[in-house]
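Inspection log for the structure reproduced underneath, given as structure tokens.
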Amino acid sequence: MVQADYDEVGEYLDPVEAVEMAIDLVEKWSEDLGEPVYVSYAVQEGVPPELEELSNGVIVKMKNWANQIYMDMEKCARCGDLINSKDYYLIPELGSDKKYCSATCAERDYEEYLEINEEDTQE
Ligand SMILES: [Zn+2]
């Protein structure tokens, strides 16, 4: 069994990109080896992988699985990009738990918030 590792595949925040990349790689292996290739996918390490032979049906299943994870992932309150669960920005002044993908997005929302508050006090 050959296992793809991060060095070869890279690390992806976006599960849809990760699955597409993995499928490309596995298809190349399949061509090189001239043998069936088995794939497995799981979010957590330590979950025993259930290997399935790569087929169009399995590719569809993998893509649906990735899309489902993507939908459940947290997105930036400003731009809608995916948020890295270990590396995101908050604006405590807003008193909300909105999360941002970057300092730029957080600053833009904060500036908007300040502008709105300024308008409120002028009225
Ligand atoms: Zn953002």
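Residue 97 in my numbering sits at position 86 of the sequence shown, with consecutive numbering throughout. Ideal Cβ positions, reconstructed from N, Cα and C, are used throughout, including at glycine. Because the structure is a prediction, the values reported are computed rather than measured.
Residue i and residue j closer than 8 Å at C-beta
i	j	result
Leu93	Asp35	no
Val37	Leu62	no
Same chain, Cβ closer than 8 Å to residue i, neighbours up to 5 away in sequence not counted
i	result
Leu101	Asp108, Lys109, Lys110, Tyr111, Ala117
Tyr124	Ile102, Glu104, Leu105
Ser41	Pro47, Val48, Leu65
Met73	Val30, Ala33, Ile34, Val50, Tyr52
Glu130	none
Euclidean distance between Cα positions of residue i and residue j
i	j	result
Tyr49	Val30	14 Å
Glu46	Asp120	53 Å
Val27	Ala77	5 Å
Arg89	Ala53	29 Å
Met82	Met32	19 Å
Gln79	Glu22	19 Å
Thr115	Glu122	10 Å
Asn75	Asp98	26 Å
Leu44	Ile70	19 Å
Ser96	Glu126	29 Å
Lys39	Gly91	33 Å
Sheet register partners of residue i (DSSP bridge)
i	result
Val50	Glu63
Asn95	Asp98
Beta-carbon contacts of residue i that lie in its chain and below 7 Å, excluding the five residues immediately before and after
i	result
Met84	Leu93
Asn128	none
Sequence-distant residues of the same chain with beta carbon closer than 6 Å to residue i, five excluded per side
i	result
Gly68	none
Cys87	Ile94, Tyr111, Cys112, Cys116
Quiz item: Taking a cut-off of 6 Å, which residues have a beta-carbon closer than that to any heavy atom of ligand 1, in chain order?
Solution: Cys87, Arg89, Cys90, Asp92, Tyr111, Cys112, Ser113, Cys116
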